[in-house]
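Here the structure is laid out as structure tokens; the discussion comes afterwards.
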Amino acid sequence: MTSIDDVAHASGVSIATVSRALRGLPNVSEATRQRIQGIAEELGYVASSSASGLASGRTLAMGVVAPSVSRWFYTTVIEGIDSALRDANYDMILYNLASRGGDRERVFHRSILRKRTDALIAVGMDFTAAEREQLLSLGHPTIMIGGPVRGIRHIGIEERGVAQEATEYLISLGHRDIAHIGGDDDEGLNRQVPLGRRRGFLDAMQAAGISTRDDWMMSGGFSLTVSRAVINELFDRPGPRPTAIFANSDEMAIGAMLAAMDHGVSIPGDLSVIGIDNHDLSESFGLTTMAQDPYEQGSLGARILLDDLTGGPLSRKTSVRATARLLRRRSTAPPQR
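Going letter by letter, the sequence shown gives residues 1388 to 1724 in the numbering used here.
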């Protein structure tokens, strides 16, 4: 089996130079890099992460911390991260907190302190002040994907503005009786996400001179099941019904659509529904949404951190604003009444 020693001997350079060349690290000329890569390919050498780590002084692993892996957003971000890391021959160590305090202790007070990773990506979660200070003191390149955390770079949409645009679209169709489904995510979503989206909804309603009803400001827990139950309760109550619903996520919007079906409420004839995300199921449900791309956000986050470690062109100290765009589908239309 071909080893890195064989490649170094055939190339006439040191093992460290071979490792840097095959890892794409600096301080190797392009001509030397291409020659070493050609020799390695000819000899059939595949670099191991442990050998490369010894030469570079790195673990060649990146930590990813997520509050859950059961939500579409989290899993799609992680898929994007994994794709970028595999392209760079980096390993991913996933810490799935799953709302258990003990896991947070393991991650922040043992695993990270042992420096098992070169960098850290946190997906859609909050840090306590102590956790934040601990991360910053370690000097790990770190980035958030999702809601912002003070003092740490993040990649994410402008939650408040995106929610405002979604609500303004309903208003532009002629809707005035608009309900809102928001609320916290029990699995640990960054609190700034639902808070920003609620504020965006209220901004649009206030700017249009439309009053909001307290009983139409509902919590769906960022869950299809919970939001379906909440809207079923709304439809079971006597009194007026909204002609439109803005949901803070597509999963909650789909839950609202299923509740409408439970009560024989036609969409969009009797009720228009809009969400945020462009969840994999959204097109099948014909859901109008503010579409974002969590896969690309995850991939970009990983590539930024890789360039932080190697001095590449994507390395940056500032946050990145991800895009979101309105996708009009059949779940929205002007009100019939």
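Ideal Cβ placement from N, Cα and C applies to all residues, glycine included.
Rounding to the nearest angstrom, what Cα-Cα distance links Ala-1506 and Arg-1422 in this structure? Here residue 1506 refers to the residue found at position 119 of the sequence shown. Here residue 1422 refers to the residue found at position 35 of the sequence shown. Taking the straight line from one Cα to the other gives about 30 Å.
In whole angstroms, what separates the C-alpha of Asp-1601 from that of Ile-1568? Reading the sequence shown from its first residue, position 214 is the one you call residue 1601. Reading the sequence shown from its first residue, position 181 is the one you call residue 1568. Spanning the two alpha carbons is a distance of roughly 12 Å.
Assigned secondary structure, Arg-1708 (DSSP; H/G/I helix, E/B strand, else coil): What you label residue 1708 is simply residue 321 of the sequence shown in a count that begins at 1. Three-state DSSP puts Arg-1708 in a strand.
Restricting to Cα atoms, I'd like to know which of Asp-1680, Ser-1671 and Val-1652 is closest to Ile-1663. Mapped onto the sequence shown, residue 1663 falls at position 276. When only C-alpha atoms are compared, the closest one is Asp-1680.
Kindly indicate which three-state DSSP category Ser-1437 falls into: helix, strand or coil? Residue 1437 sits at position 50 when you count from the first residue of the sequence shown. Because Ser-1437 carries a pLDDT of 48, less than 50, the predicted location of this residue cannot be relied on, and the following value inherits that uncertainty. Note: Ser-1437 maps to helix in three-state DSSP.
Between Ser-1702 and the rest of its own chain, which residues show a CB-CB distance below 6 Å, the 5 nearest in sequence each way excluded? By one-based count along the sequence shown, residue 1702 stands at place 315. So the qualifying residues of the chain are Asp-1694 and Asp-1695.
Nearest to Pro-1629 by alpha carbon, out of Arg-1420, Ile-1558 and Trp-1459? Mapped onto the sequence shown, residue 1629 falls at position 242. Checked all of Arg-1420, Ile-1558 and Trp-1459; the closest Cα to Pro-1629 is Ile-1558.
By how many angstroms is the C-alpha of Gln-1521 removed from the C-alpha of Leu-1409? Counted from its first residue, the sequence shown places residue 1409 at position 22. Counted from its first residue, the sequence shown places residue 1521 at position 134. Between Leu-1409 and Gln-1521, the C-alpha separation is close to 33 Å.
Alpha helix (DSSP H) containing Ser-1686: first to last residue? Mapped onto the sequence shown, residue 1686 falls at position 299. Note, Ser-1686: alpha helix (DSSP H), 1681–1697.
Beta-carbon proximity check, Arg-1712 vs Ala-1678, cutoff 7 Å: Taking the sequence shown and counting its residues from 1, one reaches residue 1712 at position 325. Taking the sequence shown and counting its residues from 1, one reaches residue 1678 at position 291. Yes, Cβ-Cβ distance for Arg-1712 and Ala-1678 is below 7 Å.
Delimiting residues of the beta strand (DSSP E) encompassing His-1741: No information on residue 1741 is available, as it lies outside the stretch 1388 to 1724 that the chain covers here.
Between the Cα of Val-1613 and the Cα atoms of Gly-1587, Pro-1454, Arg-1584 and Met-1644, which residue gives the shortest distance? Numbered from 1 along the sequence shown, position 226 holds the residue referred to as residue 1613. Comparing Cα positions, the closest option is Met-1644.
So, do the region 1605–1624 and the region 1523–1540 have three or more beta carbon pairs nearer to each other than 8 Å? no
What's the C-alpha gap between Ser-1416 and Leu-1576? The residue you call residue 1416 lines up with position 29 of the sequence shown. The residue you call residue 1576 lines up with position 189 of the sequence shown. Each residue's Cα considered, the two are about 45 Å apart.
3 or more residues per run - each beta strand (DSSP E) lying fully within the region 1552–1623: 1565–1569 and 1604–1606
List the DSSP bridge partners of Tyr-1482. Position 95 of the sequence shown, counted from the first residue, corresponds to residue 1482. Val-1452, per the DSSP bridge assignment.
Quick check: what's the CA-CA separation for Ser-1437 versus Val-1405? Taking the first residue of the sequence shown as 1, we reach residue 1437 at position 50. Taking the first residue of the sequence shown as 1, we reach residue 1405 at position 18. Because Ser-1437 sits at a pLDDT of 48, beneath the cut-off of 50, its placement in the model cannot be relied upon, and the point is left open.
Comparing alpha-carbon positions, which option in Ala-1616, Val-1580, Ala-1453 and Ile-1402 lies nearest Val-1510? Here residue 1510 refers to the residue found at position 123 when the sequence shown is read from its first residue. Checking every option, the nearest Cα to that of Val-1510 belongs to Ala-1453.
Which residue wins for smallest C-alpha separation from Thr-1710, given the options Ile-1532, Glu-1545 and Glu-1428? Mapped onto the sequence shown, residue 1710 falls at position 323. Of the candidates Ile-1532, Glu-1545 and Glu-1428, the one whose C-alpha sits nearest the C-alpha of Thr-1710 is Glu-1545.
Endpoints, beta strand (DSSP E) assigned at Asp-1664: Reading the sequence shown from its first residue, position 277 is the one you call residue 1664. Looking at the DSSP string, the run of the beta strand (DSSP E) that includes Asp-1664 is 1659–1664.
Which residues does DSSP list as the beta-bridge partners of Leu-1714? As a position in the sequence shown, residue 1714 is number 327, starting the count at 1. The partner list for Leu-1714 (beta bridge, DSSP) reads Thr-1676.
Identified DSSP bridge partners for Leu-1507: Position 120 of the sequence shown holds residue 1507. Bridge partners of Leu-1507: Gly-1450 and Thr-1529.
Between which two residues does the beta strand (DSSP E) carrying Ile-1468 extend? As a working mapping, residue 1468 is identified with position 81 in the sequence shown. That residue, Ile-1468, is in no beta strand (DSSP E); its alpha helix (DSSP H) goes 1459–1474.
If you draw a straight line from the C-alpha of Gly-1533 to the C-alpha of Lys-1704, how long is it? For the purposes of this step, residue 1533 is taken as residue 146 along the sequence shown, with counting starting at 1. For the purposes of this step, residue 1704 is taken as residue 317 along the sequence shown, with counting starting at 1. Looking at the two C-alpha atoms, the distance is approximately 17 Å.
Enumerate in chain order the residues of its own chain whose CB-to-CB distance from Val-1669 is below 6 Å, with the five nearest sequence positions on each side excluded. Sequence index remark: in the sequence shown, residue 1669 carries index 282 (1-based). A quick correction: the sequence has Ser, not Val, at residue 1669. Same-chain partners within the cutoff: Asp-1637 and Thr-1676.
Beta-bridge partners of Ala-1646, as assigned by DSSP: The residue labelled residue 1646 in the question sits at position 259 within the sequence shown. Per DSSP, none; premise fails for Ala-1646.
Just the C-alpha distance for His-1527 and Tyr-1682, rounded to the nearest angstrom, thanks. For the purposes of this step, residue 1527 is identified with residue 140 of the sequence shown, where counting begins at 1. For the purposes of this step, residue 1682 is identified with residue 295 of the sequence shown, where counting begins at 1. Those two C-alpha atoms are separated by around 23 Å.
How is the beta strand (DSSP E) around Ile-1632 delimited, first residue to last? To locate residue 1632, count along the sequence shown from 1; it is residue 245. Unbroken beta strand (DSSP E) run through Ile-1632: 1631–1634.
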